[in-house]
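**Student:** Chains as they are written, first to last, in my numbering: chain A, -2 to 310; chain B, -2 to 310; chain C, -2 to 310; chain D, -2 to 310; chain E, -2 to 310.
(1) If you drop the 5 nearest sequence neighbours on each side, which residues of the same chain put their C-beta closer than 8 Å to that of residue 177 (chain C)?
(2) Counting only beta-carbon separations shorter than 8 Å, does residue 111 (chain C) have a partner in chain B?
(3) When the distance is taken between beta carbons, is residue 62 (chain D) closer than 8 Å to residue 24 (chain A)?
(4) State yes or no: is the C-beta of residue 33 (chain D) within less than 8 Å of the C-beta of residue 27 (chain D)?
(5) Ignoring anything shorter than 4 residues or poking outside the segment 4 to 32 of chain C, list the alpha helix (DSSP H) runs there in chain order.
(6) Locate the beta strand (DSSP E) running through residue 274 (chain C), then write down its first and last residues.
(7) Checking the sheet assignment: what are the DSSP bridge partners for residue 100 (chain D)?
(8) What did DSSP end up calling residue 156 (chain E) once you bin it into helix, strand or coil?
(9) Report the three-state DSSP secondary structure of residue 218 (chain D) (helix, strand or coil).
(10) When you compare each of A:271, A:265, A:284, A:249 to residue 315 (chain A) by their alpha carbons, which one comes out closest?
(11) Using a Cβ-Cβ cutoff of less than 8 Å, which residues in the same chain neighbour residue 157 (chain C) once the five nearest sequence positions on both sides are dropped?
(12) Does the distance from the C-beta atom of residue 247 (chain D) to that of residue 69 (chain D) stay below 8 Å?
(13) Which residues bound the alpha helix (DSSP H) around residue 237 (chain D)?
(14) Alpha carbon to alpha carbon, what distance is there between residue 31 (chain C) and residue 74 (chain E)?
(15) Could you give the distance in angstroms between the alpha-carbon of residue 214 (chain E) and the alpha-carbon of residue 108 (chain C)?
(16) Going along chain C in order, which residues have a C-beta closer than 8 Å to the C-beta of residue 9 (chain B)?
(17) Between residue 175 (chain A) and chain D, is any beta-carbon pair separated by less than 8 Å?
(18) Could you tell me whether the Cβ of residue 2 (chain E) comes closer than 8 Å to any Cβ of chain A?
(19) Return the CA-CA distance between residue 124 (chain D) and residue 102 (chain D), expressed in angstroms with no decimal places.
(20) Do residue 267 (chain A) and residue 204 (chain A) count as a contact pair if the criterion is CB distance below 8 Å?
(21) Name the chain B residues whose beta carbon is nearer than 8 Å to that of residue 15 (chain C)?
(22) Across which residues does DSSP place residue 244 (chain E) in a beta bridge pair?
(23) Residue 231 (chain B) and residue 264 (chain B) look like a contact to me (Cβ under 8 Å); what is the Cβ gap, rounded to whole Å?
(24) Take the Cβ of residue 150 (chain D) as the centre, count every other Cβ of all protein chains shown within 10 Å, and call the residue buried at 16 or more, exposed below.
(25) Within 8 Å (strictly less), CB to CB, does residue 30 (chain C) reach chain A?
(26) Determine which residues share a DSSP beta bridge with residue 167 (chain D) and list them.
(27) What distance in whole Å lies between the Cβ atoms of residue 200 (chain D) and residue 192 (chain D), which are believed to be in contact at a cut-off of 8 Å?
(28) Kindly give me the distance between the Cβ atoms of residue 244 (chain E) and residue 271 (chain E), rounded to whole angstroms, as I take these residues to be in contact under 8 Å.
(29) If I follow the unbroken beta strand (DSSP E) through residue 191 (chain E), where does it start and stop?
(30) Pull out every residue of the segment 242 to 271 of chain B whose Cβ sits closer than 9 Å to any Cβ of chain A, in chain order.
(31) Under the assumption that residue 42 (chain A) contacts residue 66 (chain A) (Cβ atoms under 8 Å), give the Cβ distance between them as a whole number of angstroms.
(32) Counting contacts by CB-CB distance shorter than 8 Å, is residue 183 (chain E) in contact with chain C?
(33) Quick check: the Cα distance between residue 315 (chain D) and residue 146 (chain A), rounded to an integer number of angstroms?
(34) Any Cβ of chain C within less than 8 Å of the Cβ of residue 134 (chain B)?
(35) Between the segment 191 to 203 of chain B and chain A, which residues of the former have CB atoms less than 7 Å from a CB of the latter, in chain order?
(36) Name the chain C residues that come within less than 7 Å of residue 312 (chain E), Cβ to Cβ?
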């Protein structure tokens, strides 16, 4: 299998990485229906940890079974499946070689009082489970942010030496940020940039709103405004990821309608983002609905934008 | 000895584990009067650590002697015996090969001011003492929860590589939880799910009440209600353990009447739970009473539900 | 990508391996034109080490360039490419993600006076270079055989823990074996079995002749003769590999005519062997000839046996 | 290449350092247009981490691309380029051997609530990326200062053993310092001296004002006043760096006009400082403007002080 | 400093190496009078270890002083200086940053009875001494060859991770080789190829004669003869180094006349070798003679071939 020129170009951005890491990035980028395009749709299932099982899976009880998510990701032709240790252990042998997996190695939960996460898996786990990457969340702005970055530093260095890729979930929160600030344009761009500076290969952030949160940043955005348009905002995030030389994907966030998700995907596609990482919006739908939605999203990233999406219809 | 189809099915859930861990799970599941049924009754004696010796053993002074508990578990035909280091060391040679043991590797005590535990034994201890598993407590919601999870991660990885099983006591507590919250349905389900995500082979939680504690979870339970019935609540916890693909046992909690315990066991049995882990309610009774109670509980899990239990009579 | 039933069946044989190793075996088995069939054609290029560069590459000087072999294996649609450290380092980044690689971690040379090999690469190398497996040669019968087996034991344990597959070249030689003995039926079966016993996932041996070499083995073969037919001899080797529950591939050996190689492949196919590992016979031909030969061999393993092969014509 | 007498003299100050560290200092001091003069101009690009991407790069969007900064530093003939992990990883292979790099191993951001930084890279990273030095920020006066100094101690010891140089950004802040205090003469001198005492090879501070901040220091400065002149203040800082036996460079600080920067450089030059470390003022200008400014600064350090600078014209 | 296109091309061959190793290769290739040409002249002074001090240095007693060799290499404008630990330690600080050094980490001596070497320095030594590379000798064909290769494997992996380059002296000897065999064409090519396979970045061999030593290799060379010409033989060695994709330099060997050395250099130049590594022939001459000889050799590699060389005149 030869890589596409697009994937070769993307790999060239990661010039300091060893061939093992490049091979795992290639594995993710060449997988599924978007294989070779440089775009990705990834299924993350860490909601059970973050929000509890019922809030995550009651809307579609089949999703309580970890095998469901492997199958959903494979059937939908996605690029990768990301989950915490137990979820990966529960299917890694059955689905060995079927889809690249990303081991989420830290996790928080709804009972936590600090804006921090526990490190819950290791590089050794990722290797024995055949994962292509580790996933790690940082909360830029949190009072625990420096500790989290230091944990990432340690585990990322080990992962890279072992030929794994590193995916960083960068979710701003903390005393300087109100709710609107967490998805503000300047803050999302900042969070994405910080992940890139920490050595992430793939960066996951939320799609930004047009809000500018940091007072110190306002003059800059007044002078160099970002057009009030979702695709232009995505393009700004892409720019913040080393001028587009790091892969960046956007989370779907809270459950929402198919049309809203597809509109988001169109903006990501148009703005040059590398794709969507969509959890709740996929696994909380019935499987046929989820497959239809994911197919529609993939069509967007393939440059096919049906007038009226089937899922939304 | 061939495994029963039920036990083979259960082992198939643990597809990422090595044969050593599978063999230790099989050893527990094939032991005693419930051997082969997929149900278990386990005797845990960590009360001395948690509550002090007199509160634990004065009601039945024979229980001050660690050998007592090995013998009780063996005579009663239980599946396993769990205890801290000293208790296991005090009988592991005499009862070598008689019953699977679970080395409780962390412990708290009544003098503690933080909601945390000390790691008090190692995987090396478990191996030299011939244990089948390690046991580890986490307190989801505690201010120390992330540290506890990180300790578990480290010791569980080592235990699994050495072919041991990992039993996780998941007891929610902390600033977001009042007393009722600690046994609330949503919180128990969450605690069980977190243990599964952390890679537990056997999960131990308390039987849930019908309370919903987390405001954020209420809409979910309003929309997907769990019937107000002990067995339905157990079934919800089972579902939260990877759709029933992880072993989950329920602690008896505070000393109570035999009938209450048996009612609990009947709910666990009916709801698809894998059994009971019953400490104080066993060893604080006289040995004949305890044996009768345990026999009655076993009968419940064997599907025999006498009109009036002998112990309760 | 779902695995084929055949590949799922093969993976089920490796029930003590972790999902990482299974994924790497799956990667090899699902790759190329024979992907999914359970048959493999692998390109090994360790001849330069074993016989020197001119004897290896002068017949086709393009093969001096390490990139040539990656490209040959990829263009021919093979399952994997195996080579020593330097050869892999020289192309692992350019061809990252294009074909599974097997890092040959020990090597001998024509100047050696002992029947031994040097360990020339590590599991760390295999991980940083993104390899799917390590390859290791043993010489059963050599005065150094026990040392070699002990080296294999150490590196194989480390490789398996890291989720890599282990390929063992098992080439009998030593004081008890004359030239004919090295490819004798009993000796080849013995060598294959020893590799299986040492924990190899994929076993590489030479196709056996009908000779029985070991006096002690003759009565057995007299009593339970193997029919004098290449395919029956292959079937005997397959049987020696745990009754067919380990992958076994056969080396092409010295340069020979295409028809001889295809006849060998037909015997391997018919006898139930898992394929060919063909070095000199591939890379010493011109690229068009090599591609034709490999296509013809693949056709044999696909069950297509042209009356007159194109390469032989 | 022979070192100049000036550089040999400078290296002689570092008499307890191993030849590896000396070689890396020499590499920095012999590089670029100021090579051999004992003066340096260094490009630091940690603004993206400290202030966010837009505030850093929107004024000159080409600077979003990490390659831009390598090229700017090389084309301008600077002595070194300093940046956090991700920025170095993104160009270290392309520009290998072209310019000494300083890996900034700790970083803060504008969302932080404590005056601290996260350690975000390691000595191992610096070695694999071919860096000549590590860079580390301390905040003397901060409530976290001792922790920061202890982190520096640990990483500096490791860096020196591996032959790397250690550059310390010493930026006073904390409860005892108001805004004016942070750049007060006594405080800058103090910060520079602390860095020297911590074993820094190159010290980076801000150019001091004439303010004396610490009440306890006032009598001393009353008695031994420093003339109210920028060059005399620089000379005082140089004196605080072991009587001029440690390299000290001055940051340009906030974006300002070319003439202001050149005036600063002239004071540094005249006061015996070793040069400028100029980030925002370089990369936020267009490349031609930045090259002109840097050329003018270099001319100052070469002792050429044009009547009217071209950049300022 | 920008790399020349030639050096960029050479670095591209080492695609699996980290930027640190690439930077050190660049440092060697960009140094001295041949900087940027892809050709090198290197001064190795391990003769004292190999032959004893008097045999090495009595012809030019100034050479007893380790500083002499640093100065010779620097004044002559060579690419690098290679020596054992003590020799490097004796000048590494004085000449820090003046010339890339190669720490010879194993050594033999004239009193040895086995064809082996002692490992006499470490990667840690190379880092603290600021070396660009380690040098390691293997004796392919020796009874100790496998042990030597295993030592190389271990130290090379560590060196590469730390960003150092690896230079391998590959000198065939042993029971299968008579004196003529040690420099035979087939054997030199084999030795060079083995070094490449072991992961060497720079390979050092002796210039080959036209002898073919290995009986097994004769048919190959009969069929694909190498023209009886020094430059064609060099070209064959270059080909054996991955088709010219590894740097290969040739040792001058025993003391000989300048004209013989220059003739050798002309053949190396014409045959596409990357240069000369010339010890005794440099440091056993008086300094003026040595400088003249080295200048003449450099002129050859610069493509300037005076009718009558000055040194030979």
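Where is the CB? At the ideal position from N, CA and C, for every residue including glycine.
**Tutor:** Here's the rundown:
(1) Correct list, in chain order: 206, 208, 210.
(2) Chain B contact via Cβ: absent.
(3) Residue 62 (chain D) sits away from residue 24 (chain A), with the two beta carbons spaced by 8 Å or more.
(4) Residue 27 (chain D) sits close to residue 33 (chain D), with the two beta carbons spaced by under 8 Å.
(5) Listed in chain order, they are 16 to 27.
(6) Start and end: 272 to 274.
(7) In the DSSP output, where bridge partners are listed per residue, residue 100 (chain D) has D:80, D:131.
(8) Here residue 156 (chain E) carries a helix assignment [DSSP, helix/strand/coil].
(9) Collapsing the DSSP output to three states places residue 218 (chain D) in a helix.
(10) Summary: the structure shown does not reach residue 315 (chain A), with chain A confined to residues -2 through 310, and so no result is reported for it.
(11) Non-local beta-carbon contacts of residue 157 (chain C) in its own chain, meaning distances under 8 Å to residues more than five positions away in sequence, involve 14, 15, 18, 163, 196 in chain order.
(12) At a Cβ-Cβ threshold of 8 Å, residue 247 (chain D) and residue 69 (chain D) do not count as neighbours.
(13) It spans 227 to 237 - the alpha helix (DSSP H) in which residue 237 (chain D) sits, taken as one unbroken run.
(14) C-alpha separation (whole angstroms): 57 Å.
(15) Between residue 214 (chain E) and residue 108 (chain C), the C-alpha separation is close to 12 Å.
(16) For a Cβ distance threshold of 8 Å, nothing in chain C lies close to residue 9 (chain B): the least Cβ distance comes to about 11 Å.
(17) For residue 175 (chain A), the answer is no, since every Cβ of chain D falls outside 8 Å of its Cβ.
(18) At a cut-off of 8 Å between beta-carbon atoms, residue 2 (chain E) makes no contact with chain A.
(19) Distance between the alpha carbons of residue 124 (chain D) and residue 102 (chain D) is about 12 Å.
(20) At least 8 Å separates the beta-carbon of residue 204 (chain A) from that of residue 267 (chain A).
(21) Neighbours of residue 15 (chain C) across chain B, judged by C-beta separation under 8 Å: 13, 15.
(22) Beta-bridge pairing by DSSP links residue 244 (chain E) to E:199.
(23) Going by Cβ atoms, the distance from residue 231 (chain B) to residue 264 (chain B) rounds to 5 Å, so yes, they are a contact pair.
(24) Exposed.
(25) Among the residues facing chain A, residue 30 (chain C) is not included, as its CB has no counterpart in that chain under 8 Å away.
(26) Beta-bridge pairing links residue 167 (chain D) to D:135.
(27) Between residue 192 (chain D) and residue 200 (chain D) the beta-carbon gap is near 4 Å, inside 8 Å, which marks them as a contact.
(28) With a contact defined as Cβ atoms closer than 8 Å, residue 244 (chain E) and residue 271 (chain E) qualify at about 5 Å.
(29) It is not in any beta strand (DSSP E) - residue 191 (chain E) instead sits in the alpha helix (DSSP H) that spans 182 to 194.
(30) From the segment 242 to 271 of chain B, only 242, 243 have a Cβ closer than 9 Å to chain A.
(31) Confirmed, about 5 Å.
(32) At a cut-off of 8 Å between beta carbons, residue 183 (chain E) contacts chain C.
(33) The structure shown has nothing for residue 315 (chain D), since chain D only spans -2 to 310.
(34) Not closer than 8 Å to any Cβ of chain C, the Cβ of residue 134 (chain B) fails to qualify, so no.
(35) Under the 7 Å Cβ criterion, the segment 191 to 203 of chain B contributes 191, 193, 194, 195, 196.
(36) For residue 312 (chain E) there is no data in the structure shown, the boundaries of chain E being -2 and 310.
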